[in-house]
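Numbering (our numbering), first residue to last: 121 to 201. Even for Gly, the Cβ is constructed at its ideal location relative to N, Cα and C.
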């Protein structure tokens, strides 16, 4: 499945992700007007089917969790400004 919410006015901290969406193949919340803030989601590694992760154009801070390397099928990983 896909979750595409690029170029909207979402803001605040990225939420913890629900178990019901762990089968997503594409997560795109890039280029938000005000941008998501806070730290990089610690549980993002749980998306074992995720091929595209686009968090570009947000204001996330901190370090990328080490367990991100467990996401074996990721093809696109964009955190650019």
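Distance check for residue 185 and residue 162, CA to CA, integer angstroms please.
6 Å
Only counting the same chain, and skipping five residues up and downstream in sequence, which positions put a Cβ closer than 6 Å to that of residue 130?
152
Could you check whether residue 180 and residue 194 sit closer than 9 Å to each other, using their CB atoms as the reference points?
Cβ distance not < 9 Å, so residue 194 and residue 180 don't count as in contact.
Can you check which of these residues, 141, 146, 191, is closest to residue 175 by C-alpha distance?
146
Confirm, please, whether the CB-CB distance from residue 182 to residue 200 is below 9 Å.
no
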